[in-house]
Amino acid sequence: ELKVEQNPLFLSMQEGKNYTIYCNYSTTSDRLYWYRQDPGKSLESLFVLLSNGAVKQEGRLMASLDTKARLSTLHITAAVHDLSATYFCAVDWSGANNLFFGTGTRLTVIP
Amino acid sequence: DAGVTQSPTHLIKTRGQQVTLRCSPKSGHDTVSWYQQALGQGPQFIFQYYEEEERQRGNFPDRFSGHQFPNYSSELNVNALLLGDSALYLCASSTPWGPGTEAFFGQGTRLTVV
Numbered sequence: 309e310l311k312v313e314q315n316p317l318f319l320s321m322q323e324g325k326n327y328t329i330y331c332n333y334s335t336t337s338d339r340l341y342w343y344r345q346d347p348g349k350s351l352e353s354l355f356v357l358l359s360n361g362a363v364k365q366e367g368r369l370m371a372s373l374d375t376k377a378r379l380s381t382l383h384i385t386a387a388v389h390d391l392s393a394t395y396f397c398a399v400d401w402s403g404a405n406n407l408f409f410g411t412g413t414r415l416t417v418i419p
Numbered sequence: 003d004a005g006v007t008q009s010p011t012h013l014i015k016t017r018g019q020q021v022t023l024r025c026s027p028k029s030g031h032d033t034v035s036w037y038q039q040a041l042g043q044g045p046q047f048i049f050q051y052y053e054e055e056e057r058q059r060g061n062f063p064d065r066f067s068g069h070q071f072p073n074y075s076s077e078l079n080v081n082a083l084l085l086g087d088s089a090l091y092l093c094a095s096s097t098p099w100g101p102g103t104e105a106f107f108g109q110g111t112r113l114t115v116v
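From first to last, the protein sequence lines stand for chains A and B.
Using the working numbering, the first residue of the first sequence is number 309, and each one after it goes up by one.
Using the working numbering, the first residue of the second sequence is number 3, and each one after it goes up by one.
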């Protein structure tokens, strides 16, 4: 059974602090996504990681992929309130962009 | 480029009724996937359409069916609606092959079953 586990499920952090969200998955995959979702909204694509050792950065967010460990991380640097949202990782289990999503991490950044 | 567009944005239906949701893929994309996102959960894969055929299907009952048209747009049909079908329905489009392919999501249709 395919599993995609994120931790933590809930994260409350102060502005200016750093933190990492972890995404563990149980199947081999060559494509992993990170998405952001604001309440009542659709999914905003943050990163697509395509190979082992891939690292991508955009602003205060950096994502990495270790396919051997089946682990991806989303690192937040110097958090700001605007980063408050739910973050999902998703694994392409079919090679044709059929995605299995993690449980999500609800991030709240406190001023 | 309009991206992935879905209609309607919101919908209220009565239990037992049938509903049709629509999706137009991003320009250049020929593959459409549908997802259901219940409140407080991650999206769950329903099915994927390519070349007007259902290619992959998730763990959803036959009440959920779909269609893809020659212009690559797609419909999701749900029959005999249950209260538990209330959710955000997301459509994603992509090209099916190649290392650079990526799934893009529409803004979703919020379905409420009363």
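Note that beta-carbon positions come from the ideal geometry of N, C-alpha and C, so glycine has one too.
Chain A contact residues for residue i, given Cβ-Cβ distances below 9 Å
i                     : result
residue 85 (chain B)  : Neighbours of residue 85 (chain B) on chain A: none; closest Cβ ~20 Å, over 9 Å.
residue 106 (chain B) : 353
residue 50 (chain B)  : 402, 404, 405, 406
Within-7 Å CB hit, residue i to chain A
i                     : result
residue 10 (chain B)  : no
residue 110 (chain B) : yes
residue 76 (chain B)  : no
residue 44 (chain B)  : yes
residue 26 (chain B)  : no
Classification of residue i by the beta-carbon crowding that lies within 10 angstroms, buried from 16 upward
i                     : result
residue 405 (chain A) : buried
residue 84 (chain B)  : exposed
residue 390 (chain A) : exposed
residue 12 (chain B)  : exposed
residue 365 (chain A) : exposed
residue 347 (chain A) : exposed
residue 320 (chain A) : exposed
Cross-chain neighbours of residue i in chain A, by beta carbon under 8 Å
i                    : result
residue 92 (chain B) : 350, 351
residue 35 (chain B) : 405, 406, 407
Beta carbon proximity, residue i to chain B, threshold 7 Å
i                     : result
residue 372 (chain A) : no
residue 324 (chain A) : no
residue 361 (chain A) : no
residue 337 (chain A) : no
residue 356 (chain A) : yes
residue 367 (chain A) : no
residue 411 (chain A) : yes
Where residue i meets chain B, residues with beta-carbon distance less than 7 Å
i                     : result
residue 407 (chain A) : 47, 105
residue 402 (chain A) : 58
Residue i - DSSP class collapsed to helix/strand/coil
i                     : result
residue 87 (chain B)  : helix
residue 389 (chain A) : helix
residue 105 (chain B) : coil
residue 31 (chain B)  : coil
residue 342 (chain A) : strand
residue 19 (chain B)  : coil
residue 350 (chain A) : coil
residue 97 (chain B)  : coil
residue 415 (chain A) : strand
residue 74 (chain B)  : coil
residue 62 (chain B)  : coil
residue 369 (chain A) : strand
residue 36 (chain B)  : strand
residue 332 (chain A) : strand
Residues that residue i contacts on chain B, provided the C-beta gap is smaller than 9 Å
i                     : result
residue 318 (chain A) : Ordered by position in chain B, no residue passes the 9 Å Cβ test against residue 318 (chain A), which lies about 11 Å from the chain.
Contacts of residue i in chain B (Cβ-Cβ under 8 Å)
i                     : result
residue 375 (chain A) : Correct list: empty, because the minimum Cβ distance to chain B is about 14 Å.
Per-residue contacts from residue i into chain A (C-beta, under 7 Å)
i                    : result
residue 29 (chain B) : Residues of chain A passing the Cβ test: none, with the nearest at roughly 17 Å.
residue 96 (chain B) : 405
Proximity test, residue i beta-carbon vs the ligand MG heavy atom, cut-off 6 Å
i                     : result
residue 369 (chain A) : With respect to the ligand MG, the structure shown offers nothing to examine, as it has no ligands at all.
7 Å Cβ cutoff, residue i in contact with chain E
i                     : result
residue 342 (chain A) : Within the model displayed, chain E is absent; protein chains A and B are what it includes.
Inset, instruction - Flag this pair as touching only if the region 8–17 of chain B and the region 32–42 of chain B have three or more C-beta atom pairs under 8 Å; answer yes or no. - result: Taking 8 Å as the limit for Cβ pairs, the verdict is that the region 32–42 of chain B does not touch the region 8–17 of chain B.
Would you call the region 369–380 of chain A in contact with the region 6–14 of chain B, where contact means no fewer than 3 C-beta pairs closer than 8 Å? No, because fewer than three Cβ pairs between the region 369–380 of chain A and the region 6–14 of chain B fall closer than 8 Å, the two stretches do not touch.
Is there contact between the region 41–50 of chain B and the region 394–414 of chain A, where contact requires at least three CB pairs shorter than 8 Å? The count of Cβ pairs closer than 8 Å, one atom from the region 41–50 of chain B and one from the region 394–414 of chain A, reaches three, so the stretches are in contact.
Is it true that the region 355–363 of chain A meets the region 325–343 of chain A, where meeting means three or more beta-carbon pairs spaced less than 8 Å apart?
Flag = yes, the region 355–363 of chain A and the region 325–343 of chain A touch.
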